[in-house]
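If you want the numbering used here, it's the position in the sequence shown, counting the first as 1, plus 28.
All C-beta atoms, glycine included, are put in the ideal place defined by N, C-alpha and C.
One structure below.
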Amino acid sequence: MSTNYSARSFIAATIALLVIFGASATPIPLYEVYHQTKGVSYESLSITAVVYFIGAVTALLFFGRISNHLGRKITTLLAFGLAAAAMLLFLTVESAFPLILGRFLLGLACGLASSSITAYVVDTAHPDKQWLASAIVSNSPLVGLTIGALASGLFVEYGPYQLMLCYLVMLGVIAVSAALILSGHETVDSQKGLIKSLKPRFTLSNPSAYPVAAITFVATWALGGFFQAYGPSIAAEQLHEKSTFIGSIVFASYLFPGAIGGLLSGKLTPHQSQKIGMIIFTLSLAGLVFALQQKNLIEFLIASALAGTAQGAVLTGSIRSMLHNAQIKERAGVLSIVYATCYTGAAIPSYIAGQLSNSLSLLQLLYCYLGLAIFACAFTLFYPSHE
Numbered sequence: 029m030s031t032n033y034s035a036r037s038f039i040a041a042t043i044a045l046l047v048i049f050g051a052s053a054t055p056i057p058l059y060e061v062y063h064q065t066k067g068v069s070y071e072s073l074s075i076t077a078v079v080y081f082i083g084a085v086t087a088l089l090f091f092g093r094i095s096n097h098l099g100r101k102i103t104t105l106l107a108f109g110l111a112a113a114a115m116l117l118f119l120t121v122e123s124a125f126p127l128i129l130g131r132f133l134l135g136l137a138c139g140l141a142s143s144s145i146t147a148y149v150v151d152t153a154h155p156d157k158q159w160l161a162s163a164i165v166s167n168s169p170l171v172g173l174t175i176g177a178l179a180s181g182l183f184v185e186y187g188p189y190q191l192m193l194c195y196l197v198m199l200g201v202i203a204v205s206a207a208l209i210l211s212g213h214e215t216v217d218s219q220k221g222l223i224k225s226l227k228p229r230f231t232l233s234n235p236s237a238y239p240v241a242a243i244t245f246v247a248t249w250a251l252g253g254f255f256q257a258y259g260p261s262i263a264a265e266q267l268h269e270k271s272t273f274i275g276s277i278v279f280a281s282y283l284f285p286g287a288i289g290g291l292l293s294g295k296l297t298p299h300q301s302q303k304i305g306m307i308i309f310t311l312s313l314a315g316l317v318f319a320l321q322q323k324n325l326i327e328f329l330i331a332s333a334l335a336g337t338a339q340g341a342v343l344t345g346s347i348r349s350m351l352h353n354a355q356i357k358e359r360a361g362v363l364s365i366v367y368a369t370c371y372t373g374a375a376i377p378s379y380i381a382g383q384l385s386n387s388l389s390l391l392q393l394l395y396c397y398l399g400l401a402i403f404a405c406a407f408t409l410f411y412p413s414h415e
């Protein structure tokens with residue numbers, strides 16, 4: 029482990045993880061604009077979330093271990109290529125199709141990132157600070173999504189070329205991040221067996237940790253999928269805020285605090301993080317329901333931030349429990365099953381919510397997510413502990 033430690037490579041891998049997920053959030057603040065000016069329906073917008081998660085799960089199922097054969101750096105560059113192709117597609121949006129296809133490509137890119145780049149982060153982390161690697165692995169997607177959404181919202185609200193500037197800027201950021209990856213060192217020697225690695229196979233170095241981890245992944249990422257599909261709509265229709273940037277803040281209010289929760293959980297055991305985090309998460313989600321009933325933006329943002337903080341603690345604790353005793357060759361496989369569970373847990377509720385959105389309001393849909401959180405919290409509290 030210590031022979032792979034490299035501060036420069038660790039920083040480059042962390043930035044790459046942020047950039048990939050930042051790119052995936054770039055089109056989200058434009059959803060309401062596309063709805064108003066391009067005729068993209070709300071059902072189509074929900075499909076963009078579903079195909080994004082499908083793309084991510086596809087990458088994790090079939091390409092989750094290719095970095096063990098091609099190397100972490102090459103696989104990271106492949107993820108950058110997919111993200112860049114998506115940005116080019118978004119520059120041509122006149123209907124739902126380029127948006128849906130671009131989101132699928134971003135799902136593939138994020139799926140690769142969720143196994144390969146996260147493994148690169150863990151590989152290059154200081155051996156005495158593996159908790160920091162776990163916090164970055166679990167929360168960089170949230171922070172990246174936040175930065176991407178807020179930056180895009182600012183460009184759309186205040187910049188020129190409303191439908192183009194954010195994508196052009198992101199293409200430049202991708203190029204710079206790719207250069208940083210090229211300057212880092214490889215942690216895995218290339219080896220034969222690439223074709224065999226495409227056969228779906230997950231690694232569970234600590235199987236007893238999976239049941240609780242899985243239910244927490246599903247509950248927390250499902251709510252993230254809700255924000256991803258409907259964040260701008262919540263701001264515009266439920267909270268009566270028409271600003272694109274406010275829509276970005278609503279979306280980001282749940283995601284960004286996850287980084288804080290991840291850092292706070294460093295002093296707790298994995299099971300303490302899961303149990304305390306799920307209690308706070310469930311109570312905060314109840315607060316979200318109340319705030320949406322009151323149509324109060326400030327109350328909504330506070331409850332969302334608390335839920336996001338709890339989510340970060342839960343995710344970090346769950347990932348730490350899953351990575352316990354994992355060898356370097358097992359990490360990509362472990363992280364693949366972690367994120368495959370996360371994305372599946374977000375995709376299925378997002379699809380169901382999309383189908384129900386024609387008959388249920390966003391508030392009524394949020395009640396369904398609260399029910400899921402209550403179940404997950406009870407399961408986490410009463411499932412036998414194997415610390």
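- By the C-beta criterion, the stretch 302-313 is judged not to be in contact with the stretch 166-183, since fewer than 3 inter-stretch pairs fall below 8 Å.
- Going by beta carbons, Leu133 and Ala114 fall inside the 8 Å limit.
- Taking a contact as a CB-CB distance under 8 Å, the pair Ala203 and Met350 does not count as one, their CB atoms being some 33 Å apart.
- According to the DSSP assignment, Asp151 belongs to the alpha helix (DSSP H) that extends over 146-152.
- The beta carbon of Gln302 is closer than 7 Å to those of Val240, Thr244, Val342, Gly345, Ser346, Thr408 in its chain, skipping five residues each way along the sequence.
- Taking each of Asp151, Ser162, Pro188, Val121 in turn and checking the Cα distance to Val366, the smallest one comes out for Ser162.
- CA-CA distance, Cys405 to Ile330, rounds to 21 Å.
- Taking the Cα positions, Ile209 is about 9 Å away from Ile39.
- By the criterion of a C-beta distance shorter than 7 Å, Tyr195 is surrounded in its chain by Thr54, Met115, Phe118, Leu119, once the five residues flanking it on both sides are discounted.
- Leu45 is positioned such that its CB atom lies closer than 8 Å to that of Val149.
- Taking 8 Å as the cut-off, the beta carbon of Pro260 is found closer than this to the beta carbon of Ile56.
- Secondary structure at Ser349: helix, using DSSP grouped into helix, strand and coil.
- No Cβ-Cβ contact shorter than 8 Å links Leu129 with Val68.
- By the Cβ test, the stretch 387-407 is not in contact with the stretch 95-112, since fewer than three Cβ pairs between them sit closer than 8 Å.
- DSSP places Thr76 inside the alpha helix (DSSP H), whose first and last residues are 70-91.
- Residues Ser301, Ala341, Thr344, Gly345 of the same chain have their beta carbon placed closer than 6 Å to that of Ser293, with the five preceding and five following residues left out of the count.
- Residues Ser233 of the same chain have their beta carbon placed closer than 8 Å to that of Gln355, with the five preceding and five following residues left out of the count.
- In the three-state reduction of the DSSP assignment, Pro412 falls in the coil class.
- When Tyr70, Gly50, Ile48 are compared, the shortest CA-CA separation from Leu388 is found for Tyr70.
- For Pro377, the closest alpha carbon among the candidates Leu251, Ile304, Thr337, Ala368 is that of Leu251.
- Just so you know, the alpha carbons of Gly361 and Arg348 end up roughly 14 Å apart.
- Residues of the same chain with a CB within less than 6 Å of the CB of Met198, apart from the 5 flanking positions on each side, are Ala51, Thr54, Met115 in chain order.
- In this structure, DSSP gives Ile94 a state outside helix and strand, which the three-state scheme calls coil.
- Contact annotation: Ile75 and Gly382 have beta-carbon atoms nearer than 8 Å.
- CA-to-CA, the gap between Tyr282 and Asp217 works out to about 38 Å.
- One thing to note: Gln322 has its Cβ no nearer than 8 Å to the Cβ of Gly289.
- Less than 8 Å divides the Cβ of His213 from the Cβ of Ser34.
- If you draw a 10 Å sphere on the C-beta of Tyr186, you find fewer than 16 other C-beta atoms in it, and that means exposed.
- With distances taken between CA atoms, Ala112 lies nearest to Phe49 out of Asn167, Phe49, Phe183.
- In this chain, Gly212 is not harboured by any alpha helix (DSSP H), its DSSP state being neither H nor E.
- Within the stretch 313-394, the alpha helix (DSSP H) runs of at least 4 residues that lie entirely inside it are, in chain order, 325-351, 356-384.
- Boundaries of the alpha helix (DSSP H) harbouring Phe132: 124-140, taken from the DSSP string.
- Taking 8 Å as the upper bound for CB-CB distance, Ala375 and Val61 are not in contact here, some 25 Å apart.
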